[in-house]
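Numbering (our numbering), first residue to last: 2 to 591.
By construction, the Cβ of each residue, glycine as well, lies at the ideal position given by its N, Cα and C atoms.
Because the structure is a prediction, the values reported are computed rather than measured.
See below for the structure under consideration.
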Amino acid sequence: MLLSFLIWGYIFIISFIYGFAFIKVISFLLKREYNIINEGCDIVSLAGICLLIILLSFFSLFINVGVEVHFIILMSAVIIALKFRMQLKAIFINYILLLVNKNKFLKGIYFLIFMIGLFYAVIPIDDPDTAYYHAQIIQWIEKFKVVPGLGNINPVFGYNQSIYLVSAFFSFSFLGIEPFHLINPYLFLLLITRLTYLIFEKKENCFFAGAILVFFLFTFYHFVSSCGTDLPAYVFCTYIILIFIQLNQNRFDLKLKNILIFLFTIIVLTIKLSVLPIVIISAFLTIKNIKKTRRKVKLIFFALLILILTPWITRNVILTGYLVYPLSSIDIFNVDWKIPNERVDIQKNFIKSWAIMPFEKEFPKKNSNNKSLSMLEWEERVNKQYINLDFNQKVDNILKRNKSSKSSGYKIEFFMSILACFTALFAPVFLGFKKKFTIVFTDVVLWGIYFFGIIYVVIFSPSYRFGCFFFLLSIICFVNILIRGFFKTGLSYYIRKILFLGIIVFSTWIGLKNYTHIKTIGINQYPYYKIKTKAYENSNMIVRVPISLNFCCWNTMIPCVALPGDLKEFEFRGDDLGSGFRPKDKIKAN
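Structure, rendered in structure tokens:
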């Protein structure tokens with residue numbers, strides 16, 4: 002825990018300096034000095050992480066994200082800090098004074114929030130996808146520049162999710178120690194700190210922020226210590242919504258907030274494509290204000306779009322041979338490492354199948370018939386079993402999935418999904434006829450976002466984890482409107498203190514309980530599991546495969562594939578791993 006705390010401090014300093022630099026550039030271009038203190042240190046830090054993602058995306062095209070890149074980023078941060086040392090010093094002193102001058106009650110609240118973040122950061126990783134591919138992808142980024150045809154090894158290695166770049170940068174693997182994967186816990190801490198501030202120090206939207214806090218703690222409790230993409234996507238989307246609400250309540254720094262919303266929107270799309278409907282906000286704000294803004298603001302929007310998407314699309318092409326993966330319909334390149342169209346379609350359909358298949362019979366059995374099974378063949382079996390079902394059969398499978406799950410958490414998520422669909426469809430109509438409930442313009446815009454978000458998820462992948470942001474937002478907005486109508490300001494002030502303080506104390510107790518259960522001295526995160534692998538030869542190179550056939554490579558030395566049958570799907574393009582991989586001429590049938 003001690004090292005995790007120190008790494009958090011390092012992440013904050015670097016990201017804040019780069020966020021400060023981003024706002025200074027915007028100030029220079031618009032010839033207007035923005036007060037960074039008014040934006041909050043968490044928003045500045047998040048902007049800095051976005052800028053780091055952009056820089057690392059370009060670096061990764063030419064060099065691995067290792068000690069050289071870390072030195073360049075660090076030295077640039079030092080130069081920025083020295084150049085603006087007086088301003089940065091004044092900002093940090095002001096932040097410290099704001100914290101010191103808070104009353105004991107608020108100091109206690111923030112201390113509990115900080116401890117929740119630390120407890121959740123160091124517990125064992127419960128996200129199976131981290132074992133399957135998160136840790137492996139980060140390891141490829143740490144050791145090599147973007148590898149041509151990496152998606153041929155494993156279909157999920159083709160996902161170009163930009164948050165992995167920052168995880169690789171702050172992992173410190175080049176020191177030869179157990180890697181630190183603390184970006185997700187850091188983003189988790191930023192958001193719960195912001196929500197706590199809105200609940201206990203702001204009068205407006207306290208129940209809205211509190212509801213997000215409750216659902217956030219419940220939904221991502223087991224995913225904070227992982228290095229997946231669900232949590233970062235949720236954090237960015239929530240900040241977009243919070244800034245949008247603030248934008249409509251207070252027109253101070255209107256242009257900067259529009260720019261931040263646009264920046265966060267494009268970045269979150271490079272993290273997780275399933276949040277595509279969030280573009281509605283950015284498009285709405287951009288179109289609404291484009292005629293009113295000066296040419297410089299329009300150029301800033303365009304420049305951000307180019308700077309973010311250019312390296313991201315380039316990485317897509319190098320990893321898979323496609324502009325956007327896994328969409329085989331956009332097929333304009335003919336490179337030798339390109340993943341065959343049929344394989345891409347299998348992967349795309351598998352995402353849909355995964356959302357509706359029952360929990361039983363998900364994985365290959367440990368028998369001789371599966372010794373030569375590959376991930377591609379297994380995914381194709383799943384697709385054939387579930388993708389061609391009619392609507393009633395798909396609904397029946399989702400219900401079976403709910404019944405077969407032993408997790409009470411999944412049952413609650415299933416109930417929340419149904420409730421979210423109800424609120425998205427019927428709540429606005431119901432509330433529109435009630436004079437007691439005041440619906441403002443912001444409510445209408447938010448309803449449009451979560452309505453299209455839920456429709457998008459239900460059509461393409463009806464799973465809670467792929468659309469939790471839209472499901473939660475649907476319920477929270479509805480509850481927020483109800484509470485605005487029923488509770489007076491004085492009463493809500495005391496209710497929120499009691500209710501949300503109880504949630505924070507309970508979450509602290511859960512975190513402490515899990516932390517003491519793992520029986521660690523508390524220096525670092527809980528280490529990755531060590532697994533046994535078997536070495537196979539493929540194109541005169543050694544490839545490792547987990548002996549247990551459970552798909553989990555964890556942080557095993559690369560290259561590691563999920564199943565022995567994967568070895569027949571690809572071959573090496575050169576004499577080293579950095580040369581990349583290409584598909585073998587023919588996909589063997591089952």
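| Query | Result |
| --- | --- |
| Three CB pairs or more closer than 8 Å across the segment 222-238 and the segment 6-17 | no |
| 7 Å Cβ shell around S1 - same chain, five flanking residues per side excluded | Since the displayed the chain opens at 2 and closes at 591, residue 1 lies outside it and no answer follows. |
| DSSP three-state assignment for K84, whether helix, strand or coil | helix |
| Exposure label - P149; buried when at least 16 CB within 10 Å | buried |
| Bounding residues of the beta strand (DSSP E) (the contiguous stretch that carries A536) | T534 to N539 |
| Between the CA atoms of T266 and Q394 - distance to the nearest angstrom | 36 Å |
| With 16 other Cβ atoms within 10 Å as the buried cut-off, status of F93 | exposed |
| Bridge partners - C561, DSSP secondary structure assignment | R545 |
| DSSP-derived helix/strand/coil call for F106 | helix |
| Reduced DSSP secondary structure (H/G/I, E/B, other) of R583 | strand |
| Burial state of N556 (16 or more Cβ within 10 Å) | buried |
| For R33, three-class secondary structure by DSSP | coil |
| Under 8 Å between C-beta atoms of K614 and P327 | Limits of the chain in this structure are 2 at one end and 591 at the other, which puts residue 614 out of reach. |
| N-terminal and C-terminal residue of the alpha helix (DSSP H) that E572 is part of | Not the alpha helix (DSSP H): E572 falls in the beta strand (DSSP E), residues F571 to F573. |
| Candidates V546, L264 and L151: closest to E538 by CA position | V546 |
| Three-way DSSP call (helix, strand, coil) for K273 in this model | coil |
| Contact belief for F23 with G49 at Cβ below 8 Å, rounded distance in angstroms | 7 Å |
| Chain-order list of residues whose beta-carbon lies under 7 Å from that of Y336 (same chain, five-residue window excluded) | The question names Tyr, yet the displayed sequence has Val at residue 336. If we look at V336 and ignore the five residues flanking it on each side, its Cβ neighbours are G322. |
| Alpha-carbon to alpha-carbon, L473 and Y134 | 27 Å |
| Residues near R316 by beta carbon distance below 6 Å, same chain, minus five either side | V147 and N161 |
| Option in G581, A82, Y529 and G579 with minimal Cα separation from P125 | Y529 |
| Counted within 10 angstroms of its Cβ, other Cβ atoms place F253 as buried (16 or more) or exposed | Confidence in F253 is poor, its pLDDT being 47 and thus under 50, which makes the residue's placement unreliable; the coordinate value appears in the next sentence. Flag for F253 reads exposed. |
| Exposure label - T517; buried when at least 16 CB within 10 Å | exposed |
| For F217, the nearest candidate out of P565, A425, I477 and V562 (CA to CA) | I477 |
| Through-space distance from L89 to S174, alpha-carbon basis | 30 Å |
| Between the CA atoms of L568 and D346 - distance to the nearest angstrom | 20 Å |
| A91, buried or exposed, once every other Cβ within 10 Å from all chains shown has been counted against 16 | exposed |
| With 16 other Cβ atoms within 10 Å as the buried cut-off, status of E69 | exposed |
| Assumed close pair F145, G152 - CB separation to whole angstroms, cut-off 8 Å | With a Cβ gap of about 14 Å, F145 and G152 do not count as contacting. |
| Proximity of N65 and E179 at Cβ, strictly below 8 Å | no |
| Cα-Cα separation between N525 and I262, rounded to whole angstroms | 34 Å |
| K585 versus V215: straight-line alpha-carbon distance, rounded | 49 Å |
| For I18, three-class secondary structure by DSSP | helix |
| T197 and Y121 closer than 8 Å at C-beta | no |
| Between the CA atoms of M76 and N368 - distance to the nearest angstrom | Any reading at N368 is ruled out, since the residue's pLDDT is 40, under 50, leaving its predicted position unreliable. |
| Segments of 4+ residues assigned as alpha helix (DSSP H) that fall wholly inside the segment 116-161 | 136-144 |
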